[in-house]
Amino acid sequence: KTSANIATMSLIPSNVFSGFDDFFVTPHSTGPFLTSPTILTTFDRNADAVLRRASPHYEITEDDKKFQLAVDVPGVKVADLKVQVENGGRVLKLSGERKAKENGISSESKFEKAFTVDSTIDASKIGANLSDGVLVVTAPKKPKEDTVKTITIT
Numbered sequence: 001k002t003s004a005n006i007a008t009m010s011l012i013p014s015n016v017f018s019g020f021d022d023f024f025v026t027p028h029s030t031g032p033f034l035t036s037p038t039i040l041t042t043f044d045r046n047a048d049a050v051l052r053r054a055s056p057h058y059e060i061t062e063d064d065k066k067f068q069l070a071v072d073v074p075g076v077k078v079a080d081l082k083v084q085v086e087n088g089g090r091v092l093k094l095s096g097e098r099k100a101k102e103n104g105i106s107s108e109s110k111f112e113k114a115f116t117v118d119s120t121i122d123a124s125k126i127g128a129n130l131s132d133g134v135l136v137v138t139a140p141k142k143p144k145e146d147t148v149k150t151i152t153i154t
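As structure tokens, this is what we get:
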């Protein structure tokens, strides 16, 4: 990566389950309930579609002084959202749930999204605001250190 690439990738989405798909599906593919490859393929395709729908849309913007993450969470209340910084400020984790009742039928959906935070971000000053169904997470960048230091000769 060049320094230009690093500067534009201060917040990177991560999928914590990416390596586990085969672990949960393959051992059961020969059992009595999933003997047909067609059923298994359909299940995989449907599970992917469900996961995409359950994950809220987000947009990351960044300038020299800060980054902002805007996440669409319509119908989610502040009390049902969590913004956490983990692993020494290296992981930003968002989670929440939406509860709705329509025509006497209750529904609930949950989401969790993790982002890797670059070392240029000051994780101790991350803030969040929910307004009009959009959660905005903002964090300032650390001041750039002067890379040239003049040494006094004595």
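Final position of the sequence shown in the UniProt record's numbering is 154; the numbers increase by one with none missing.
Cβ coordinates follow ideal geometry from the N, Cα and C atoms, glycine included.
The Cβ atoms of K66 and T138 sit closer than 9 Å to each other. Assignment of D64 by DSSP, reduced to helix, strand and coil, places it in the coil class.
Between S95 and F111, the CB-CB gap stays under 9 Å. Apart from sequence neighbours up to five positions away, the residues of its chain that approach V83 with a beta-carbon distance below 7 Å are L94, A128, V137, ordered along the chain.
For K101, the uninterrupted beta strand (DSSP E) run begins and ends at 91 to 102, by DSSP.
In this model, G89 and V117 are separated by some 7 Å (Cα to Cα). Contact between L135 and V91 does not hold, since their C-beta atoms are separated by about 17 Å, which reaches or exceeds 8 Å.
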